[in-house]
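When we follow the numbering used here, the leftmost residue of the sequence shown carries the number 563, and every step to the right adds one. Here a beta-carbon is modelled for each residue, glycine too, at the ideal position from N, C-alpha and C.
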Amino acid sequence: MDLRDTPEEAAFRAELRTWIETNLSDEIRRGRFEEAGRDWSRKLHEAGYAGLTWPKEYGGAGAPYSHQAIFLEEMARAEAPPHLGVIGLGMAGPTIIAHGTDAQKQKHLEKILSTEEIWCQGFSEPDAGSDLSAVRTTARSENGHFVVDGQKVWSSFAHIADWCILVTRSDPGSERHAGLTYMLVDMHAPGVEVRPLRQITGEAEFNEIFFTGVEVPTENVVGEVGGGWQVAMTTLLHERGTLGFALTAGLESQIRKLIALARKRGATPVQRDAIAREWIGLQAVRYTNYRSLTTLMKTGIPGPEGSGAKLWWSEANQRVTKLALELLGPEAQIVEDGGYWQHQQLRSRGNTIEAGTSEILRNIIAERVLGLPRSR
Ligand SMILES: Cc1cc2nc3c(=O)[nH]c(=O)nc-3n(C[C@H](O)[C@H](O)[C@H](O)COP(=O)(O)OP(=O)(O)OC[C@H]3O[C@@H](n4cnc5c(N)ncnc54)[C@H](O)[C@@H]3O)c2cc1C
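#1: Mind listing, in chain order, the continuous alpha helix (DSSP H) runs of no fewer than 4 residues lying wholly within the region 577-606?
#2: Under the assumption that G712 contacts W681 (Cβ atoms under 8 Å), give the Cβ distance between them as a whole number of angstroms.
#3: Which residue marks the beginning of the alpha helix (DSSP H) containing W903, and which one marks its end?
#4: Give a yes or no on whether the C-beta atoms belonging to L923 and S869 are separated by under 7 Å.
#5: Helix, strand or coil, according to DSSP, for H509 in the structure here?
#6: Give a yes or no on whether the C-beta atoms belonging to L675 and G753 are separated by under 7 Å.
#7: Taking the runs of the alpha helix (DSSP H) that are 4 residues or longer, which of them lie wholly in the region 611-652?
#8: In angstroms, rounded to a whole number, what distance separates the CA positions of T810 and P734?
#9: Write down the C-beta distance between R566 and E636 rounded to the nearest angstrom, noting that I regard them as a contact closer than 8 Å.
#10: For A794, which residues of its own chain have a beta-carbon under 8 Å away from its beta-carbon, when the five flanking residues on both sides are left out?
#11: Do you know how far the Cα of N705 is from the Cα of E867?
#12: Locate the alpha helix (DSSP H) running through Q845, then write down its first and last residues.
#13: Measure how close the beta-carbons of K714 and T699 come, nearest whole angstrom, since I'm counting them as under 8 Å.
#14: If I measure Cβ to Cβ from L651 and keep anything under 8 Å in the same chain, skipping five residues before and after, which residues do I get?
#15: Starting from the Cα of D825, find the closest Cα among H721, S692, M653, L890 and give me that residue.
#16: So what's R938 in DSSP terms, helix, strand or just coil?
#17: Counting along the chain, where does the alpha helix (DSSP H) carrying N879 start and finish?
#18: Straight-line CA distance for L586 to A609?
#19: Return yes when the Cβ of T763 is within less than 7 Å of the Cβ of L885, no when it is not.
#20: For D748, tell me which candidate among V709, W841, S603, G806 has the shortest Cα-Cα distance.
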């Protein structure tokens, strides 16, 4: 198998690299994500880089998944901020494309690309995280609409979101995977209340969302009423779909920073071995990503292999950060040069929890990639 870019992919990469160099100002790179992110996202959309693989009729570029992988790699290499519509582009949009009605596609897809609509994901609840089938937020059918009551938690971007992909229990007598309904909820509707949660980094990226008697039109249901589990699984597969390419490219630039630090401060033979091991692991996960990309290009649906890249990256990110702090020694407690490693130390804790905890990802890899017997 030839893993190098084809001449056409190489041309796309070169053009994109030049575009990023021309358009990514230091202001955007260093600006607060929410403000700078809107301008940057609009630029990406105008240049045709948002929704690369989406159908042309909904504002996408209809490009192959290999272009999306190249796009993520180049963005991470340039340390460019992502498109502000992380959840709309990566999860809500692909789910609407796969399961939505024509009216839902017409209404939302183009606005997701242009950031006219920012989306959040309302899956987790105080007692339903790893086990999404324990969802208790209810949706009661009443006179041509649903009435939603309940609480979601850890919803990233909910404080700036216009819409939410929401998993609800629509059949009150149902248990586990049955009786769930997936719906698109207007975050500006009466009865929706968002309360930001402050993280260990001091930032407030995620939120609690309270729903009290929120009316949701029946036409906002995605898939079948009671068939929400299958729709939610599409969202989760896309969450980890081509993400691996962005994660590995991000990890590569981080390991390069670690090597520069080791050169500057000096490293013991044991530390040098540890750095080399991280570099070797990175190469292995990079080639595993190509395997996921092959599945995606053949089927159009991300396979469970994406869990491997997410698992590796999240744990490697914590190990690399720990090594950097070790090299800094007592000075690690002093924030200098923007405090990159200090911020990483705090933020990387959440990496092994968000988008599936390490334990859950190991279960997925064991059962669905390796075909081992189910754990329960
Ligand atoms: C930064 C961040 C952003 C997030 N953004 C969102 C978002 O936008 N939308 C959203 O809906 N959610 C979001 N989440 C929530 C995230 O999906 C959940 O935190 C995650 O699924 C784990 O659920 P939990 O916190 O309820 O932990 P629990 O599920 O209670 O797990 C607790 C511990 O038990 C382990 N465990 C649980 N079940 C098993 C099992 N079967 N086998 C082995 N071990 C197990 C877990 O690995 C974990 O260590 C975010 C989380 C973080 C940290």
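On the basis of the data shown:
#1: 588-592
#2: Their Cβ separation, rounded to whole angstroms, is 19 Å, which puts G712 and W681 out of contact at 8 Å.
#3: 902-913
#4: yes
#5: There is simply no residue 509 to check, as the chain begins at 563 and stops at 938 in what is shown.
#6: no
#7: 627-639
#8: 43 Å
#9: The pair is not a contact, with the Cβ atoms about 16 Å apart (cut-off 8 Å).
#10: F685, L694, V729, L742, Y744
#11: 43 Å
#12: 831-861
#13: 7 Å
#14: A612, G613, H645, I674, L675
#15: Going by the sequence as given, residue 825 is Arg instead of Asp. When only C-alpha atoms are compared, the closest one is L890.
#16: coil
#17: 868-890
#18: 13 Å
#19: no
#20: V709
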